[in-house]
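Going line by line, the protein sequences match chains A and B. Numbered by the numbering used here, the letters in the first sequence go through residues 1 to 283 in order. Numbered by the numbering used here, the letters in the second sequence go through residues 1001 to 1170 in order. Heads up, the beta-carbon is just placed ideally off N, CA and C, and yes, glycines get one too. Structure, as structure tokens:
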Amino acid sequence: MLKRFRLEEPESAAEVSELLGRFGDSAKIYAGGTELLLAMKEGLVQYERLINVKKLKGLSEVSGENGTIKIGALCTHHQLENSSLLQQKLPSLVKLEQNVANVRVRQAGSIGGNLCFAEPHADPGTLLMALGAKLVAEKISGKREITAEDFFVDAYETSLAADELLTGIRVPTPGANSRSAYLKFGYLERPSVGVAIALTLDGETVNNVKIAVGCAGPAPRRVAEAEALLNGKSKDEAVRLLPQAGAIAGRASEAISDLHGAQDYKEHIVGVLLKRAFNSIVS
Amino acid sequence: MSKPMTRHADVQTIPVSFTLNGRLQEIDVEPNELLLDVVRDRLGLTGAKRSCDVQVCGACTLLVDGRPVSACTTLAFEVRGRSVMTIEGLADDGKLHPLQEAFIEHGGFQCGFCTPGMLLASKALLDENPNPTEAELKHFMHGNLCRCTGYKKIIESIMAAAKKMRGSRA
């Protein structure tokens, strides 16, 4: 079923980076395998070596400190949906994780693998973008933080260097006035459209609006133009502007026509989901 | 039941020691061997079925440390040091599990192809949530497909088993 490959089991990020540097395109990082093994079984990709990163220590925890929530790249979806810290601080991410694929995928699949595989019809990247998350990449020569916007380049393509691995995610801890939501819609196994919104509600005014759209096109995208439209407006005014913001977000999704829906259909759904997401957190 | 395998000198093998249906099992696997193939073809436990092969249908569901996984997309070496349950291990020394009894009593299967996966997934559910609402049950089980469209009876069976198991615990 799967073609023969060799397995490497390093125990540090530096070792992983060294292996990636040494074996180049003939090797691939393997964590949960929920995306990679499917592609390998289909024969879409083949590798001489898989680098199992699950022996790396300290990448399977969720913790909070100094206004930042740290999520280890090896955390499974199951872990995240059951994290008490996330349930308290980031309920929108918990809800998203509860609805990733099915119970078996959530059991095996890791958040890091989900982001790095950059399958267009994945949920977490879109919400993390709206939450202002940064992704921590490591290689032998050092560590850097990449904003979620800069991380996603195209379908199945990220800005990680060839010898870099994702080790964690940093999300600013939302304040008391912060609200966020992620909604998706689809009729196949994977979503056709995903929309995320985060904002602060200061009295009657919405501030710090961040909107991201995913699944409809090649990669999750921030929608700065729609954010600017809603930012600083009163709740009522923002509600009146939602159709316009939704239309902007629809175009920004770079929707393509495929089995998941026609371009104009997906653009329309973006608007519908944005409106519902906004109303679910601003009432 | 393990069949002899011819291996080349340079082929990597990984010794895997794990608990299979309560008993210690030791086997050497190649990195690319899938848990489903090892369990079915090398260990002769054919209850788990290969169907969609892409983690959508749940026919190959096994429990690893009590949690459901798709054996079709799990590399066999991953069960090192773990506890695996297949449908063959659900009955206790010939005595059917309450879920199995409930599926029989309530007609929870038609062709039976999805049933091993349905039973193991619902066991995992009831082990962590002995008193699920129907909505919780549907959410947990929505990745286990029945193409005979027998969902109503399956849900009835699981709810009945849950009730019975709660009663026997009290």
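Run through DSSP, which three-state label would residue i get?
{"i": "A/Y156", "result": "coil"}
{"i": "A/K275", "result": "helix"}
{"i": "A/S110", "result": "strand"}
{"i": "A/V136", "result": "strand"}
{"i": "A/Y30", "result": "strand"}
{"i": "A/D202", "result": "strand"}
{"i": "A/K45", "result": "The residue asked about is misnamed: residue 45 of chain A is Val in this sequence, not Lys. Three-state result, A/V45: coil."}
{"i": "B/D1028", "result": "strand"}
{"i": "B/K1003", "result": "Residue confidence is low: B/K1003 scores 47 on pLDDT, short of 50, so the model does not pin down where it sits. Its coordinate-derived value is still stated next. Here B/K1003 sits in coil by DSSP."}
{"i": "B/R1040", "result": "helix"}
{"i": "B/S1157", "result": "helix"}
Can you find a C-beta in chain A that's less than 9 Å from the C-beta of residue i?
{"i": "B/S1070", "result": "yes"}
{"i": "B/V970", "result": "Nothing about residue 970 of chain B can be read from this structure; chain B reaches only from 1001 to 1170."}
{"i": "B/V1011", "result": "yes"}
{"i": "B/F1103", "result": "no"}
{"i": "B/L1090", "result": "no"}
{"i": "B/R1067", "result": "yes"}
{"i": "B/T1061", "result": "yes"}
{"i": "B/S1002", "result": "Model confidence at B/S1002 stands at a pLDDT of 47, short of 50, so the residue's coordinates are unreliable; what they give is reported in the following sentence. For B/S1002, the answer is no, since every Cβ of chain A falls outside 9 Å of its Cβ."}
Below 9 Å between beta carbons: does that hold for residue i and residue j?
{"i": "A/D284", "j": "A/P218", "result": "Residue 284 of chain A is absent from the model: chain A starts at 1 and stops at 283."}
{"i": "A/A226", "j": "A/I248", "result": "yes"}
{"i": "B/C1052", "j": "B/N1144", "result": "no"}
{"i": "A/V62", "j": "A/L86", "result": "yes"}
{"i": "A/V223", "j": "A/A252", "result": "yes"}
{"i": "B/L1036", "j": "B/R1050", "result": "yes"}
{"i": "B/L1126", "j": "B/A1160", "result": "no"}
{"i": "B/V1029", "j": "B/A1071", "result": "no"}
{"i": "A/S60", "j": "A/G72", "result": "yes"}
{"i": "B/N1032", "j": "A/L36", "result": "no"}
{"i": "B/F1018", "j": "B/S1122", "result": "no"}
{"i": "A/V136", "j": "A/G168", "result": "yes"}
{"i": "A/S192", "j": "A/A216", "result": "yes"}
{"i": "A/I69", "j": "A/V16", "result": "no"}
{"i": "A/R190", "j": "B/P1068", "result": "no"}
{"i": "A/L128", "j": "A/L93", "result": "yes"}
{"i": "B/H1139", "j": "A/Q98", "result": "yes"}
Within the 9 Å Cβ cut-off, does residue i reach chain B?
{"i": "A/H268", "result": "no"}
{"i": "A/H260", "result": "no"}
{"i": "A/A101", "result": "yes"}
{"i": "A/R251", "result": "no"}
{"i": "A/R104", "result": "yes"}
{"i": "A/H77", "result": "no"}
{"i": "A/M1", "result": "yes"}
{"i": "A/Q98", "result": "yes"}
{"i": "A/A27", "result": "no"}
{"i": "A/A108", "result": "yes"}
{"i": "A/V94", "result": "no"}
Does the Cβ of residue i lie closer than 8 Å to at least one heavy atom of the ligand ADP?
{"i": "B/V1038", "result": "By its list of ligands, the structure shown contains no ligand whatsoever, and the ligand ADP lies outside what it can speak to."}
*How do the stretch 75 to 91 of chain A and the stretch 108 to 121 of chain A stand: do at least 3 beta-carbon pairs fall below 8 Å, yes or no?*
yes
*Interface residues of the stretch 31 to 44 of chain A facing chain B [CB-CB below 9 Å]*: G33, T34, L37, L38, M40, K41 and E42
*Do the stretch 203 to 210 of chain A and the stretch 255 to 267 of chain A meet, that is, are 3 or more Cβ pairs less than 8 Å apart?*
Taking 8 Å as the limit for Cβ pairs, the verdict is that the stretch 255 to 267 of chain A does not touch the stretch 203 to 210 of chain A.
*Is it a yes or a no for the stretch 229 to 236 of chain A touching the stretch 163 to 178 of chain A, going by three-plus beta-carbon pairs under 8 Å?*
no
*Along the stretch 1120 to 1148 of chain B, what residues have a CB closer than 9 Å to any CB found in chain A?*
A1121, A1124, L1125, H1139, F1140, M1141, H1142, G1143 and N1144
*Could you please tell me which residues of the stretch 1011 to 1028 of chain B, in chain order, have their CB closer than 9 Å to any CB of chain A?*
V1011, Q1012 and I1014
*Given 8 Å, three or more beta-carbon pairs between the stretch 1095 to 1110 of chain B and the stretch 1038 to 1051 of chain B*: no
*Positions along the stretch 3 to 24 of chain A whose CB lies within less than 8 Å of some CB in chain B*: K3, R4, F5, R6 and L7
*asked:* Does the structure place the stretch 1073 to 1093 of chain B close enough to the stretch 1130 to 1149 of chain B that three or more beta carbon pairs sit under 8 Å?
replied: no
*Give the residues from the stretch 1025 to 1053 of chain B that approach chain A closer than 7 Å (Cβ to any Cβ), ordered along the chain.*
So the list reads E1030, P1031, N1032, L1034, D1037 and D1053, given in the order they occur along the chain.
*Could you list the residues in the stretch 1071 to 1088 of chain B with a C-beta less than 9 Å from some C-beta on chain A, going in chain order?*
Against chain A - using a Cβ distance shorter than 9 Å - the residues of the stretch 1071 to 1088 of chain B are C1072, T1073, T1074, L1075, F1077 and E1078.
_To be precise: take each residue of the stretch 112 to 135 of chain A, compare its Cβ to all Cβ atoms of chain B, and keep it if any distance is under 8 Å. Which residues remain?_
none
*Taking Cβ-Cβ distances below 8 Å as the criterion, which residues of the stretch 48 to 61 of chain A are in contact with chain B?*
For the stretch 48 to 61 of chain A, the set of positions with a beta-carbon nearer than 8 Å to some beta-carbon of chain B reads L50 in chain order.
*Closer than 7 Å, Cβ to Cβ, to anything on chain B: give me those residues from the stretch 181 to 192 of chain A, in chain order.*
E189
*Is the stretch 8 to 25 of chain A touching the stretch 40 to 58 of chain A in the sense that three or more CB pairs, one from each, lie closer than 8 Å?*
yes
*Looking at C-beta atoms only, is the number of pairs between the stretch 182 to 201 of chain A and the stretch 268 to 277 of chain A that lie closer than 8 Å three or more?*
yes
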